Structures are given as structure tokens and as C-alpha cells.
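>
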Amino acid sequence: MRAMRSSAAVVSAICTALLSASCSASTATMAEPSTLVPAKGGGTLYVLRQGPVVAWDPQRLNVGADMAFAGRVFQRTLTSWAPATRQDRTPALVPDLATDTGRVTADGRVWRFTLRDDATWQDGKPVTCADVKYGISRTYATAQITGGLTNALDLLDVPHNDDGSSTYAGPYLRTGRKAFDKAVTCVGRTITLKLAKAVPDFNQLAALSAFAPVRADLDRGARSATVVFSNGPYQLKGAWQVGKGATFVRNPHWRATTDPIRRARLAELIYQEGVPAQTVVSRIMTNAGPDALAVTADSAPRVLQNDIMSNAAITARSSNPRGPFVDYLLPNFSRRTMAKPEVRQALALATNREAYVTALGGDSAAEATYAMINKSLPAYRDFNPLAVPPRGDSARARTLLHASGLTLPVNITVAYRKGPPSDNAMAALQQGWQDAGFSVTLVGIDKDYFTNIASVQNSRRYDVMWAVGSAQWPSGSSVIPSLFDSRLNLSADSSGQDYGRFASAAFSAKIDAARKIPEATRREKAWGVLDEEIAANVTAIALTNSKSMFVHGTEVAGYIDNQALFGTVDMATVSVR
Numbered sequence: 002m003r004a005m006r007s008s009a010a011v012v013s014a015i016c017t018a019l020l021s022a023s024c025s026a027s028t029a030t031m032a033e034p035s036t037l038v039p040a041k042g043g044g045t046l047y048v049l050r051q052g053p054v055v056a057w058d059p060q061r062l063n064v065g066a067d068m069a070f071a072g073r074v075f076q077r078t079l080t081s082w083a084p085a086t087r088q089d090r091t092p093a094l095v096p097d098l099a100t101d102t103g104r105v106t107a108d109g110r111v112w113r114f115t116l117r118d119d120a121t122w123q124d125g126k127p128v129t130c131a132d133v134k135y136g137i138s139r140t141y142a143t144a145q146i147t148g149g150l151t152n153a154l155d156l157l158d159v160p161h162n163d164d165g166s167s168t169y170a171g172p173y174l175r176t177g178r179k180a181f182d183k184a185v186t187c188v189g190r191t192i193t194l195k196l197a198k199a200v201p202d203f204n205q206l207a208a209l210s211a212f213a214p215v216r217a218d219l220d221r222g223a224r225s226a227t228v229v230f231s232n233g234p235y236q237l238k239g240a241w242q243v244g245k246g247a248t249f250v251r252n253p254h255w256r257a258t259t260d261p262i263r264r265a266r267l268a269e270l271i272y273q274e275g276v277p278a279q280t281v282v283s284r285i286m287t288n289a290g291p292d293a294l295a296v297t298a299d300s301a302p303r304v305l306q307n308d309i310m311s312n313a314a315i316t317a318r319s320s321n322p323r324g325p326f327v328d329y330l331l332p333n334f335s336r337r338t339m340a341k342p343e344v345r346q347a348l349a350l351a352t353n354r355e356a357y358v359t360a361l362g363g364d365s366a367a368e369a370t371y372a373m374i375n376k377s378l379p380a381y382r383d384f385n386p387l388a389v390p391p392r393g394d395s396a397r398a399r400t401l402l403h404a405s406g407l408t409l410p411v412n413i414t415v416a417y418r419k420g421p422p423s424d425n426a427m428a429a430l431q432q433g434w435q436d437a438g439f440s441v442t443l444v445g446i447d448k449d450y451f452t453n454i455a456s457v458q459n460s461r462r463y464d465v466m467w468a469v470g471s472a473q474w475p476s477g478s479s480v481i482p483s484l485f486d487s488r489l490n491l492s493a494d495s496s497g498q499d500y501g502r503f504a505s506a507a508f509s510a511k512i513d514a515a516r517k518i519p520e521a522t523r524r525e526k527a528w529g530v531l532d533e534e535i536a537a538n539v540t541a542i543a544l545t546n547s548k549s550m551f552v553h554g555t556e557v558a559g560y561i562d563n564q565a566l567f568g569t570v571d572m573a574t575v576s577v578r
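Residue 2 is where the sequence shown starts when you use my numbering, and the numbers rise one by one after that.
In C-alpha cells form, the structure reads like this:
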């Protein structure tokens, strides 16, 4: 999907920030976070991270934990997500800079948002419709503004050149400006966005940092990567120091009455980066001095997780939320063996998810799933159309493999991203497949993995490819089309994100139909139905939902992880005792 071109990079970046380290299964009970713990106003919170933060520029942000922090601390958007109240539940979409969550025309192609009249920048000037329009326009300046989410390039009704690039070149040039000015207009405090096609859940995308406002008079273009100019409750004190961090203090022009989301109970946040993740977690576990006032979005490394789970006092101030990632396998439909339904079904039946989870580190590292849509999303459906046990069923799989007409053993080559614990996890799957009558060659690729398997020339040698994905916004529309709509992915040279080169006109038509459903609950249900069809057809084999493990200091109150914020700590509710 062109609108999701950057999602593989985004997944890689988010994976780096939220790497779900693992441990053996444990019976320890993780405390259910609560936002109701009494807290005092003021105080200092420490945020410890390995980092580094590549950008705070809203149109450059692509790391989940960084987007989550910025969006709660200094960067507001038209819409946002309510503070989390329950672990592993996605909260409601709510207005932020806008007065409501948007108004859409019957055809789903025109969205309008009216801005609040009391939101201000850190210098006291109002946040205007022109600021929002300017921020969106910067995404089009692909030569200067790099690395961020590019959804606007393909969703807005701005023409494209023959090579797929936009005719509009961003605010630093005049090229194609009239087309952008027709697609995005301001009348008073109301911004109108005309889309190239119906997007009934565009108001969810409006919560992404790429749609955040930027002041034109303060824009430094390519030199703005770590510049912070706040319209939220905190502002940067001095300059951001890459590899070290900085301190965020109260924005004197922010008022709680103008912001329905951020409780902002802290006096300041001291953000320290450049600390190895293992050191970060060890320090917070030890809980000495200011580390008792610390949180982190770095998941505990495998070597420390048993220590966390075996110590009741530390367990009580830890969380084990579901992460945003789904591991899955893609049969290569361009390969003769995988074009046969019986072979794909045999592969699915012989897949031992239980062994895969154990190899990743156990139940605190991952949970088995049969769905491509994350279990925390509204579109998730609990299904298992092939009735595959968690350990797989190699005997039934062998029967299907015989029915395919191929001579056993059936040779298959499986590509995956090399590295611990992936090597062990893929070896665990290999055993079950071989018991079913496959002869499996594992090919671990440790460099440019997704670029490699997206290349048609390279992927021709693989029968099956491992992949990992996450939703950019909490809807099935962020998963199913981007991975399985061949019209948006496949070309002569590239598979896009449809690495298995699945192509079905009938399935694409069902995607179009789901997109046009105006009512959110019915639309999400439709995405779940398509997800089940993917499992039944073995278009993909979902393996696991990732899980993270976070710890926080004893003096931290109001701690909870927010699924709409990539499963990381919700800074809207955190305070200190």
C-alpha cells in the first residue's frame, strides 16, 4: 500500500525501541496498573532510555515509544487517544486540538475538523488551522523531511507523477502548491481535508504525529530534527542533546482547562538517553535515589526478566503488556509447492506455536495467536479455522501433504531475520514441519532483511518467509490492506509488504467493501472476517503477539501502559508520590 510505504521501516524502528526480550514461563502475577493511586502534584519524573532519539520533529517521528512520549508531553494533534484505564485494552479516540473527532461526508472522502480556540504554543500564540495545514504539508518535502510517516502523500487528493511521487513538493518549493491548497483548506478555525478515496477512520490517522501542527515562522526544515516547540503541557529547557537527553519543564501557557487528555501533574521530566537497556532496567529494579522516580519504554532484557518475576516487590511495580507486534509466516504463492492449498494447510497444521513461544522466552515474551490483527485491537476475532493445536498436528499435516501429490519429503526453504532468539525459535518450528514430511532449509538473513525479501529476484528462492508487523493506528484497516492488497504492493520488481505475492481480485474487492462501511463497529468486524479468511486460506500463518516487560520506580504513581500508544507507558497519567 503506497500510503504505508514506510511501515516496514516503522516496524523496524519500533522493534528497536520496544524489543520484547524474553524469559522462561513463570507463575508470578503481574500487578494490574492503576491510575487511581494517590499522587501529589509537582515533583520530578525521570525517563531512562537507551535511545537515541533520532527526531522529535513531528513529520520525522517514526519510533513508537518516541511518538507516544511526544504526543503526551509537548505535541498535540487534531485527535488523540484517551488515557488508558485497563491493561491491554485500546481506549477511545477523543478530540485533542479539535473540538470533536471530525465530521465526514457521506462518501467518506472529505473530513472537517474545527480547532479549539484556546490551544496555544509555548510563546502564547494560538495554534491555528494554518499551523496544522503547514505541518501536514511538510510530509511532502521528501528531500528535506525524511524518515517519518508518509500516509498523507497517498491519502490526500493530490495528484501523482508517473513514478508515483507527488506533484506537490512541500512548502519549501512552489511545485504543485495549487493542488495541495485544493486538498487542504482552512476557513477560520476549520480545516478541511479532501481524500483521494474513502477513509472512514481517517480521524484515527489524524492522531499520528505526521498530522501535528508546525509553525511556519519557526520551521528550520532539514535542521529541525530534534527541535521542540511545544503546544502541550511541557516544553524543552535548553536544547536536546543527542545521546544525553534534556529536561522538560512546565509550559507556562498551557492550561488544564484547554486539554481534556493530559493530566500533567509533574513539575518536570528529566529524560536521560544513552543508557544501555540492561543498565536502565537494573537501575530501576534497584530503586536507589532518583531511580525510584523513573520509568522507561525499554523492555527488560531476557537476562533480567526472571529476576523481576521472582521478586514479589519488583513484580508489583512491573507490567507485562501486550506489544504491538505480530510475528507471522508468508507462503510464497509464486513457488510451485506453496501454490498448492494442501501444502499450505499442511505447513499451517504442523506449525508448533507453543515451541515458538517457549524459544522466544515463554509467556512473558509472547502469546500464541492465529490472527494477523493484534489481540488488543477492536477488529480482533478469536478463531482457528483449521483447528490447529498450539503444538501443531504433524500427523494430520502429513496426511494433507500426501494428498498434495508431491513426493515426500517436500523440500522448502524458509527465510527469517537472523539473530537471537530468532534462530532458536525458527529451529523449533523446523522440527514440527519435518515431522510432517517437509525437508526444511532455514536461511537466516542478518542484513536488510525486509529489503531482501521484498525484492522479487531475491524472494524467488524462498518458499516461506517470516515477517513481523504492527498497526500504525488501532484498526484492522492499518493491517489487512497494507499486507494483502496486491494492487497496492505488487510490481515487477517488488512485493511491497505482500512478501508472499498473494493476489486475489475477490479478496481485494472485499477490502474495498470493508473500507466503505461507515459505522466503526461493523467496519472493524469486517476486517476481522477478512483476517479469518486469511487464516483459512493460509495466505499467512500468524504465530505470536509480542509482549513487553517494563519496570518503574516505587515513587511512581498512575502508571499504566496504553495499547493505542504502542503498548508503552501513558505519560498522560503518570505522576510521582
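For glycine and all other residues, C-beta sits at the position ideal for the given N, C-alpha and C. Please read all numbers here as calculations on a predicted model, not as lab measurements.
Report the start-end ranges of each alpha helix (DSSP H) in the segment 186-233 that is 4 residues or longer and not cut off at the edges.
203-206
> Note down the Cα distance separating Q279 from P291, rounded to an integer number of angstroms.
17 Å
> Do you know offhand how far A83's Cα is from R90's?
11 Å
> Roughly how many angstroms lie between the CA atoms of D494 and S456, to the nearest whole one?
6 Å
> So L401 packs on E343, CB below 8 Å; how close in whole Å?
5 Å
> Does the beta-carbon distance from D464 to V389 come in below 8 Å?
no
> Thinking T80 and P96 are a contact (beta carbons under 8 Å), I'd like their distance in whole angstroms, please.
6 Å
> If you count every other CB in all the chains shown that lies within 10 Å of the CB of I15, and 16 or more means buried, which is it?
Any reading at I15 must be qualified, since the residue scores a pLDDT of 45, below 50, and its modelled position is unreliable; no value is offered.
> So within the segment 289-364, which uninterrupted alpha helix (DSSP H) runs reach at least 4 residues, ignoring any that extend past its ends?
303-311, 313-316, 342-350 and 354-361
> Going by DSSP in three states, S549 sits in which element: helix, strand or coil?
coil
> Between N546, A184, D260 and R139, which lies nearest to G221 when the distance is taken from Cα to Cα?
Reading the sequence as shown, one finds Arg at residue 221 and not Gly. Cα-wise, what sits closest to R221 is R139.
> Closer than 7 Å by C-beta to Q346: which residues in its own chain qualify, once you throw out the five before and the five after it? Chain order, please.
The answer, listed in chain order, is L387, L401 and V539.
> For the alpha helix (DSSP H) containing I481, name the first residue and the last one.
I481 to F485
> Would you grab the beta carbon distance between S476 and Q205 for me? Rounded to a whole angstrom, and I think it's under 8 Å.
6 Å
> Which value, in whole angstroms, describes the spacing of the CA atoms of G516 and V105?
It should be pointed out that residue 516 corresponds to Arg in this sequence rather than to Gly. Near 14 Å, if we compare the C-alpha coordinates of V105 and R516.
> In terms of residue numbering, what span does the alpha helix (DSSP H) encompassing F114 cover?
Here F114 belongs to no alpha helix (DSSP H); instead the beta strand (DSSP E) covers V111 to T115.
> Starting from the C-beta of P1, find all residues in its chain whose C-beta is less than 6 Å away, skip the five residues before and the five after it, and write them out in chain order.
Outside the modelled stretch of the chain, which goes from 2 to 578, sits residue 1, for which no answer is possible.
> Measure how close the beta-carbons of V215 and P410 come, nearest whole angstrom, since I'm counting them as under 8 Å.
So it is not a contact: roughly 58 Å between Cβ atoms.
> What residue range is occupied by the uninterrupted beta strand (DSSP E) comprising W241?
Y235 to Q242
> Count the other CB atoms within 10 Å of the CB of R337; is the residue buried (16 or more) or exposed (fewer)?
exposed
> My output table needs one value for M466: the three-state DSSP class, helix, strand or coil.
strand
> Look at the alpha carbon of A247 and the alpha carbon of I262, and state the distance between them as a whole number of angstroms.
24 Å
> Buried or exposed: R462, going by 16 or more other Cβ atoms within 10 Å of its Cβ?
exposed
> Can you round the beta-carbon distance between G501 and N333 to whole angstroms, since I take them to be within the 8 Å contact cut?
5 Å
> Have a look at K511, S405, G103 and S225 and flag the residue whose alpha-carbon is nearest the alpha-carbon of V195.
Here residue 195 turns out to be Lys, not Val, going by the sequence shown. It is G103 whose Cα lies nearest to the Cα of K195.
> Between N546 and E368, how many whole angstroms is the CB-CB distance? I'm expecting something under 8 Å.
5 Å between Cβ atoms; contact.
> What is the DSSP secondary structure of A32, reduced to helix, strand or coil?
Bear in mind that the predicted position of A32 carries a pLDDT of just 35, short of 50, making it unreliable; the figure below should be weighed with that in mind. Three-state DSSP puts A32 in coil, outside helix and strand.
> I want to know whether the segment 229-246 touches the segment 70-80 - three or more CB-CB distances under 8 Å.
yes
> Along the beta strand (DSSP E) that carries R400, what are the first and last residues, could you check?
The identity of residue 400 in the sequence shown is Thr, whereas the question assumes Arg. Here T400 belongs to no beta strand (DSSP E); instead the alpha helix (DSSP H) covers S395 to A404.
> Considering only the alpha carbon of each residue, which of L150, G149, I146 and Y141 lies closest to V159?
Y141
> Taking the C-alpha atoms as reference points, what is the distance between R523 and R399?
39 Å
> Whole angstroms is fine: what's the gap from W528's alpha carbon to A380's?
Roughly 6 Å separates the two Cα atoms.
> Considering only residues of the same chain and omitting the five flanking positions on each side of S395, which have a CB-CB separation below 7 Å?
A351, G433, D436 and A437
> Restricting to Cα atoms, I'd like to know which of K245, G393, V296 and V469 is closest to Y560.
V296
> Is the beta carbon of A372 sitting closer than 8 Å to the one on D532?
yes
> From A510 to S487, what does the alpha carbon distance come to, in whole angstroms?
11 Å
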